[in-house]
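Chemist:
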Amino acid sequence: MKDQGRLLSVSDLRVHFPGRKSGFLGKPLPIQVVNGVSFDVYQGETLGLVGESGCGKTTLGRALIRLGHPVVTGKISFEGREISGIGNREFRSLRKEMQMIFQDPFGSLNPRLTVGQMLGEVLLIHGIGRGEAARKRIEELLDVVGLNKEYFNRYPHEFSGGQRQRIGIARAIAVNPKFIICDEPVSALDVSIQSQIINLLKDLQRDLGLTYLFIAHDLSVVEYISDRVAVMYLGKIVEIADSTELYTNPKHPYTRALLSAIPNPEPGSKKERILLNGDLPGPLHIPSGCSFHPRCPVATAECRNREPKLRNLNNNGHQASCLLYE
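Numbering (the working numbering), first residue to last: -6 to 319.
Encoded structure:
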């Protein structure tokens, strides 16, 4: 992937929200959701991002395209240009290049607008087309995502979940973006529909030259669609590697525990399950040292006091943050 060039580069990204006050006159304690994340996304690839609910995956994705109102620090570069410090008006022009597909296909669509009105609004805002030209473009988009052009005047409640997600995908590709953040795009769909949407995303990536950050908790789906996979725990990336290598040779104890939970499709075959103690801590109670040590089956006394750094384990770009490899 490296010879294709970096499309997106993230360095020491931190995202926090103001929390409740500490006492009557105290200042609000910041809730650190993303804590020093660094990674690259290369042109034309799919980088999978996995981890338990609450680890900061969605917050990270939304921070990249400035959705919501968190406090964001660190460096974000897109096509070699640093965009983390530019103003909102200047950033608005970048939204044509960076789009998002949301988890809930119903909640992300305006129930008061028809499909034609929703997609037409996108085209109008970005100055792509209006009138007959816009209608023609919308009909093309519906065809590309596998919907009938007669659906132009229908409202979101008239569609199934899978059809609504296809509309969400059409909205994302309407402005010809280069980079799309897919935030659990199939987790709210029936299993029978998930594969159709995943294959649609792969076809669009091939035909339109798209690059994806694919956020999910279903490890089987991530394995199928991703070129590389990053594993996130409590706001940090603890391992990142080529998809095949990560699934066959996981290094971090947390990654091993996640992969052990994948059901084995082979009848009669047994698989050792790694059970973790306790639940994922909240962002206000991040443990000292290695944040995973209270649940880690191989933690040592050193893990309680020293924080590991993400480091290269070989020449193939496999990285992990664990004191076992230091």
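Glycine is no exception: its CB is placed at the ideal position from the N, C-alpha and C atoms.
Taking Cβ to Cβ, would you say I356 is nearer than 8 Å to V138?
Modeler: With the chain running from -6 to 319 in the structure shown, residue 356 is simply not present.
Chemist: Return the chain-ordered list of same chain residues with a C-beta closer than 7 Å to the C-beta of D(-4), the five sequence neighbours on each side being excluded.
Modeler: Note that D(-4) has pLDDT 45, beneath the 50 cutoff, so the model's placement of it is unreliable and no number is given.
Chemist: Which same chain residues end up closer than 6 Å to K50 when comparing Cβ atoms and leaving out the 5 residues on each side of it in sequence?
Modeler: Result list for K50: L42, G44, I208, M225, in chain order.
Chemist: Assuming R164 is part of the beta strand (DSSP E), what are its boundary residues?
Modeler: Premise fails: R164 lies in the alpha helix (DSSP H), 154 to 166, not in any beta strand (DSSP E).
Chemist: Helix, strand or coil: which one does DSSP assign to L2?
Modeler: Checking the sequence shown, residue 2 turns out to be Ser, not Leu. Strand at S2.
Chemist: For K20, count neighbouring Cβ atoms within 10 angstroms of its own Cβ and tell me buried if that reaches 16, exposed if not.
Modeler: With fewer than 16 Cβ atoms within 10 Å of its Cβ, K20 is classed as exposed.
Chemist: So if DSSP puts C48 in a beta bridge, which residue, or which two residues, is it bridged to?
Modeler: For C48, which the question treats as bridged, DSSP gives no partner whatsoever.
Chemist: Helix, strand or coil for P274 per DSSP?
Modeler: Three-state DSSP puts P274 in coil, outside helix and strand.
Chemist: Reducing DSSP to helix, strand and coil, say where N321 ends up.
Modeler: Nothing in the structure corresponds to residue 321, since the chain is present only between -6 and 319.
Chemist: Is DSSP giving A209 helix, strand or coil here?
Modeler: In the structure shown, A209 sits in coil (DSSP, three-state: anything other than H, G, I, E or B).
Chemist: Could you tell me if H62 is buried or exposed, where buried requires 16 or more neighbouring beta carbons within 10 angstroms of its beta carbon?
Modeler: Exposed, because fewer than 16 other Cβ atoms sit within 10 Å of the Cβ of H62.
Chemist: Cutting at 8 Å between CB atoms, please list the residues of its own chain near V291, excluding the five before and the five after it.
Modeler: Closer than 8 Å at the Cβ level, and outside the excluded window around V291, lie P246, L317.
Chemist: When the distance is taken between beta carbons, is K244 closer than 8 Å to C315?
Modeler: Yes.
Chemist: List the DSSP bridge partners of I94.
Modeler: Paired residues: C175.
Chemist: Using the C-alpha atoms, what's the distance from H150 back to T204?
Modeler: If I take the Cα positions, the gap works out to 30 Å.
Chemist: For the putative contact between Q25 and G282, defined by C-beta atoms under 8 Å, what is the C-beta separation to the nearest angstrom?
Modeler: Not confirmed; about 16 Å, so no contact.
Chemist: Cα separation between F145 and Q156?
Modeler: Approximately 13 Å, taken between the alpha carbons.
Chemist: Report yes if the C-beta distance between E238 and H311 is below 8 Å; otherwise report no.
Modeler: In contact: E238 and H311 (Cβ atoms closer than 8 Å).
Chemist: Could you say which of C48, I191, Y240 lies nearest to I398 if we only look at CA atoms?
Modeler: Past the boundaries of the shown model lies residue 398; the chain is included only from -6 to 319, so the question cannot be answered.
Chemist: If you draw a straight line from the alpha carbon of G100 to that of A294, how long is it in whole angstroms?
Modeler: Spanning the two alpha carbons is a distance of roughly 46 Å.
Chemist: According to DSSP, is L57 helix, strand or coil?
Modeler: If DSSP states are grouped into helix, strand and coil, L57 belongs with the helices.
Chemist: Using 10 angstroms around the beta-carbon of L201, count the other beta-carbons present and answer buried if the total reaches 16, otherwise exposed.
Modeler: L201 is exposed by the Cβ-count criterion.
Chemist: Between the C-alpha atoms of S153 and D183, what's the straight-line distance to the nearest angstrom?
Modeler: Their backbone Cα atoms lie some 10 Å apart in a straight line.
Chemist: By DSSP's criteria, Y226 is part of a beta bridge. Which residues make up the other side?
Modeler: Y226 pairs with K229.
Chemist: In terms of residues, what are the limits of the alpha helix (DSSP H) holding V27?
Modeler: Counting along the chain, V27 falls outside any alpha helix (DSSP H), though it belongs to the beta strand (DSSP E) covering 21 to 35.
Chemist: Quick check: what's the CA-CA separation for R123 versus R74?
Modeler: Going from the Cα of R123 to the Cα of R74 covers about 31 Å.
Chemist: What's the gap between the Cα of R304 and the Cα of R128?
Modeler: So the two alpha carbons sit approximately 51 Å from each other.
Chemist: Per DSSP, which residues does P11 bridge with? Please list them.
Modeler: P23, per the DSSP bridge assignment.
Chemist: From the DSSP output, in three-state form, read off F285 for me.
Modeler: Of the three classes helix, strand and coil, the one that applies to F285 here is coil, per DSSP.
Chemist: Could you give the uninterrupted runs of the alpha helix (DSSP H) lying entirely in the region 115 to 142, keeping only those of 4 residues or more?
Modeler: The region 115 to 142 contains these whole alpha helix (DSSP H) runs: 124 to 137.
Chemist: Can you give me the Cβ contacts of E300 inside the same chain, cut-off strictly under 7 Å, excluding the 5 residues immediately before and after it?
Modeler: Closer than 7 Å at the Cβ level, and outside the excluded window around E300, lie G282, C283.
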